[in-house]
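Taken in order, these protein sequences are the chains called E and S.
Each residue of the first sequence is one higher than the one before, starting from 1 at the first, in my numbering.
Each residue of the second sequence is one higher than the one before, starting from 1001 at the first, in my numbering.
Single-structure report; data block below.
2 protein chains.
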Amino acid sequence: MTRQMHLTVQLISGYGLEPAAWRWPGIDPASFINADVFVKAAQTAERGRFDALFLADTPVLSTDVATAPPQQALEPIVTLTAVARETERIGLVATSSTTLNHPFTVARQFRALDLVSQGRAGWNAVTTSHPGALLNYGTGVPSRGERYERAHEFIAAVMALWGSWEDDALIMDKEAGRFADASRVTPVGLAGRHVASRGPLGLPPSEQGQPVVFQAGGGLNGLRLAGRFANAVYNNPFDIPSGVEHAAAVAQAASTYGRSPDHMTVFNGIITSVASTRKEALERREQLDALGDLETKVAYLGQQIGVPLSIEDIDKPVHQSLLENARANPADPRSPLALELAGEGLTVRRILAHGTMNYHPVALGTPDEVADILQRWHEAGVGKGFNINPDATDGLEHFVDEVIPILQERGLFRREYAGTTLRDHLGIPRQNGLPAGYGQHVGAAS
Amino acid sequence: MTRQMHLTVQLISGYGLEPAAWRWPGIDPASFINADVFVKAAQTAERGRFDALFLADTPVLSTDVATAPPQQALEPIVTLTAVARETERIGLVATSSTTLNHPFTVARQFRALDLVSQGRAGWNAVTTSHPGALLNYGTGVPSRGERYERAHEFIAAVMALWGSWEDDALIMDKEAGRFADASRVTPVGLAGRHVASRGPLGLPPSEQGQPVVFQAGGGLNGLRLAGRFANAVYNNPFDIPSGVEHAAAVAQAASTYGRSPDHMTVFNGIITSVASTRKEALERREQLDALGDLETKVAYLGQQIGVPLSIEDIDKPVHQSLLENARANPADPRSPLALELAGEGLTVRRILAHGTMNYHPVALGTPDEVADILQRWHEAGVGKGFNINPDATDGLEHFVDEVIPILQERGLFRREYAGTTLRDHLGIPRQNGLPAGYGQHVGAAS
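Next comes the structure, spelled out in structure tokens:
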């Protein structure tokens, strides 16, 4: 069982990861406001036995809408509730900011989602540093220290509110007129420097107790939050060694706070482009690139390898005279790959197709090749999980129909869900309230 | 058409209005966490051509859970999203507080609900003064002035955010790669004393433009908010004259701010208990009462009419010797009715069954009698709308199957929906952004 990996899927407004995916054949250009698209994708992912659908979220319009749809537009609680009603097993994970919200609202909305989905909700608790998102909430950019101090208080308050309605409090004896054991429904009375809430919540635990807490965002502060509170972490390494390093740090952080590293899954962001042949996968990516802003991409590739490049160079290899002076830009960890591909004599278009400026590593090729890549990362010890970002949303079907069966055959992925809740999928125990032993480790926080 | 009334329905956690309704035969005692109950009720109300399902909301656990379920527990955005996916026409209205939330969240969640429901959302914008709800949000009780000043800024900010994405901004031309007209998607940059938001929102208008704004809560401050921003108002009069008075004040408030009184509907809260005979309706109410805390009710009836009463008196008329000194308690507008019924020699149990201490007037009796009551109020000019509160949720089916056809026959209620959006049902025009002429009347606010 421990050999098996965990998978979530992310769709970015329903189109898929590539910015121009909204123009891809078969993709509904109105996906960003169409809940049906998310429901259908979640049903596909559920057929593939994914652990969860994941909606990242930064509440700001950061794309240029002249040429690209808003990202993460349809509000996640609304989207996931729609999905919850029309799926049965797949987990439902959304980001909600500890900087911009109030714990009572987050505790209540995620618990409601957890109840409506019979125990399938997850909350990715992140701090917000995006200036535009902060301005939408009428505030400036808090310091990193402030953000994480608030995040700590915030997550503790949410978990305490969840725990304010204990297991087995519900009685619901109509004959006797006894609704609940009131001694098991009690205020939390938390008051910190940043947030306070009295409680109790008006909602009892779900089938999994409380939603699974995910953490994302790096640095020591992030690790402390993960170690103290989370059962899952989103990470975006560009290569295996940094993935392994982060997974080890997450496990260590859990141990530091007296929690089991076995109850931690690190989900590594991966983009997938699957086709019948490796060549077709590259061509698919070239076609997606061609629908977007190639000019900017070519210019940026030039910066990655330290040579001047423009759109006219798109179908030629980087000229030998330029290659002699090329060097990988140390500010961008993806630059060595770009330089290597240029050195192999690929055209600029083909270099780009390899994903040299994508936010995540690109697993491209045949279903077997994509499975190989995931297996290599997995067996290296990157933390058991992947957050799959299909290049365009139709890629999810290819992944489910072609890659998943290979992973299953290799014993790397479940054939059936073992249980019904997200906690079941992740192999973590029921929890309702703060982690056991939370009080003992409070000192370690500061 | 102007003869017709408008109807919303409210279920109070899915059980119905009476506190003991959770114990009523056929009612699921877990309704407060069961979205299916709300979906089914909404489908029933849609069959009856109701304008909307309404979820009032105060985010606090205010019942004694030993004997009664939490009220308004399942979070409204989650509940209404579930309902939206499984209904087609009925409006979806929820309360959300201007005191406890941030405009960006409210603007985004209600617009998402409006999009997912194809233009059926409504937002009941209220201030919060409940100390427990405020403590859940870590804050004390603001003054009435502060609350309403913030409410004003808050609603303006939400409407401005809705308007930040103009009509016809969406292009979605996949061939040309033009997603939207960026000149029609612009920041709002609102900054007041209480709330600020830059925007723009990442979501375009729905089929009705933006959600319908409802207002609730009395006094001059409430009227000003209604007059300036709302198209619908919730009011809870105990008798026709105060209902008429409030409806006139609402119409006047709209005119004051240059808005049409014809585009205002006042929904008056009414409890319904429908049965084959008036006697059966009273017996139904007695049975519901018997499942609750009769002791407290009897004692309170004593206070209403100024005589000592206890549970032992329940099946007797109020004794003649007591009646001689009885007087209606001036602090409770329902007291004259209680005194009148006592004077008629009804037993204490039967007096209570008339709803002498209910939060709304009780329309009880045969379908014809209930229709008569609604017609009488309606024709007196209470503002065209009723918020129907069935005593227990099964009462909604009686109302839809038995009362609605009578209202239709009398020409007092629609037989079919005329349109698809909540604005269509209410007969109000499309709106996206602040009301026309908003700027001209800002001075009138203070």
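Even glycine gets a Cβ: it sits at the ideal position worked out from N, Cα and C.
Beta carbon proximity, residue i to chain S, threshold 8 Å
{"i": "residue 109/E", "result": "yes"}
{"i": "residue 446/E", "result": "Because residue 446/E carries a pLDDT of 37, less than 50, the predicted location of this residue cannot be relied on, and the following value inherits that uncertainty. Not closer than 8 Å to any Cβ of chain S, the Cβ of residue 446/E fails to qualify, so no."}
{"i": "residue 156/E", "result": "no"}
{"i": "residue 104/E", "result": "yes"}
{"i": "residue 38/E", "result": "no"}
{"i": "residue 172/E", "result": "yes"}
{"i": "residue 52/E", "result": "no"}
{"i": "residue 113/E", "result": "yes"}
{"i": "residue 81/E", "result": "yes"}
{"i": "residue 90/E", "result": "no"}
{"i": "residue 291/E", "result": "yes"}
Span of the beta strand (DSSP E), counted from its first residue to its last, around residue i
{"i": "residue 257/E", "result": "First-last for residue 257/E: undefined, no H or E at that position."}
{"i": "residue 1234/S", "result": "1232-1235"}
{"i": "residue 274/E", "result": "265-274"}
{"i": "residue 1384/S", "result": "1384-1390"}
{"i": "residue 1124/S", "result": "1121-1126"}
{"i": "residue 1095/S", "result": "1091-1097"}
{"i": "residue 1054/S", "result": "1052-1055"}
{"i": "residue 180/E", "result": "178-180"}
{"i": "residue 1008/S", "result": "1006-1010"}
Contact check, residue i vs residue j, beta carbons under 8 Å
{"i": "residue 1249/S", "j": "residue 1018/S", "result": "no"}
{"i": "residue 270/E", "j": "residue 388/E", "result": "yes"}
{"i": "residue 1211/S", "j": "residue 1125/S", "result": "no"}
{"i": "residue 1008/S", "j": "residue 1042/S", "result": "no"}
{"i": "residue 1085/S", "j": "residue 85/E", "result": "yes"}
{"i": "residue 400/E", "j": "residue 1185/S", "result": "no"}
{"i": "residue 314/E", "j": "residue 285/E", "result": "no"}
{"i": "residue 345/E", "j": "residue 317/E", "result": "yes"}
{"i": "residue 426/E", "j": "residue 5/E", "result": "no"}
Residue nearest to residue i in terms of C-alpha spacing, selected from the options
{"i": "residue 396/E", "options": "274/E, 382/E, 344/E and 338/E", "result": "274/E"}
{"i": "residue 1265/S", "options": "1286/S, 1032/S, 1234/S and 1259/S", "result": "1234/S"}
{"i": "residue 278/E", "options": "155/E, 365/E, 169/E and 182/E", "result": "365/E"}
{"i": "residue 1153/S", "options": "1135/S, 1129/S, 1190/S and 1174/S", "result": "1190/S"}
{"i": "residue 45/E", "options": "10/E, 215/E and 352/E", "result": "10/E"}
{"i": "residue 1332/S", "options": "1349/S, 1309/S, 1320/S and 1305/S", "result": "1305/S"}
{"i": "residue 1429/S", "options": "1231/S, 1197/S and 1357/S", "result": "1231/S"}
{"i": "residue 254/E", "options": "147/E, 175/E and 435/E", "result": "435/E"}
{"i": "residue 112/E", "options": "203/E, 143/E and 164/E", "result": "203/E"}
{"i": "residue 381/E", "options": "96/E, 149/E, 215/E and 261/E", "result": "261/E"}
{"i": "residue 1363/S", "options": "1272/S, 1134/S, 1076/S and 1209/S", "result": "1272/S"}
{"i": "residue 1337/S", "options": "1319/S, 1320/S, 1360/S and 1316/S", "result": "1360/S"}
{"i": "residue 1406/S", "options": "1377/S, 1013/S and 1370/S", "result": "1370/S"}
Min CB distance residue i to chain E below 8 Å
{"i": "residue 1122/S", "result": "no"}
{"i": "residue 1442/S", "result": "With a pLDDT of 48 at residue 1442/S, under the threshold of 50, the modelled position of this residue cannot be trusted; read the value that follows with caution. No, residue 1442/S does not count as interfacial toward chain E."}
{"i": "residue 1001/S", "result": "Its pLDDT being 42, under 50, residue 1001/S is placed unreliably in this model, and the value from its coordinates should be taken loosely. No, residue 1001/S lies away from the interface with chain E (no Cβ there is under 8 Å from its Cβ)."}
{"i": "residue 1162/S", "result": "no"}
{"i": "residue 1177/S", "result": "yes"}
{"i": "residue 1116/S", "result": "yes"}
{"i": "residue 1281/S", "result": "no"}
{"i": "residue 1056/S", "result": "no"}
{"i": "residue 1185/S", "result": "yes"}
Contact test: residue i Cβ vs the ligand MN heavy atom, cutoff 7 Å
{"i": "residue 1018/S", "result": "Although the ligand MN was asked about, the structure shown includes no ligands whatsoever."}
Residue interval of the alpha helix (DSSP H) (run including residue i)
{"i": "residue 210/E", "result": "Looking at the DSSP string, residue 210/E is not in any alpha helix (DSSP H), and its letter there is neither H nor E."}
{"i": "residue 362/E", "result": "Segment 362-365 is the beta strand (DSSP E) holding residue 362/E; no alpha helix (DSSP H) there."}
{"i": "residue 1156/S", "result": "1144-1163"}
{"i": "residue 408/E", "result": "404-409"}
{"i": "residue 1398/S", "result": "1394-1398"}
{"i": "residue 1027/S", "result": "Note, residue 1027/S: premise wrong, no alpha helix (DSSP H); not H, not E."}
Chain E contacts made by the segment 1379-1391 of chain S, where a contact means CB separation under 7 Å = none
Please name the residues in the segment 1058-1073 of chain S whose beta-carbon is closer than 7 Å to at least one beta-carbon of chain E, in chain order.
-> 1059, 1061, 1064, 1065, 1066, 1067, 1068, 1069, 1070 and 1073
Select from the segment 133-145 of chain E all residues with a C-beta closer than 7 Å to any C-beta belonging to chain S, and list them in chain order.
-> 135, 136, 137 and 138
Compile a chain-ordered list of the residues in the segment 1188-1210 of chain S whose CB is closer than 8 Å to at least one CB of chain E.
-> 1191, 1195, 1196, 1197, 1198, 1199, 1200, 1201, 1202, 1203 and 1204
Which residues, in chain order, does the segment 24-36 of chain E contribute to contact with chain S at a C-beta distance below 7 Å?
-> 29, 30, 33 and 35
Please name the residues in the segment 411-437 of chain E whose beta-carbon is closer than 9 Å to at least one beta-carbon of chain S, in chain order.
-> none
Residues from the segment 1294-1319 of chain S in contact with chain E, defined by Cβ distance under 8 Å = none
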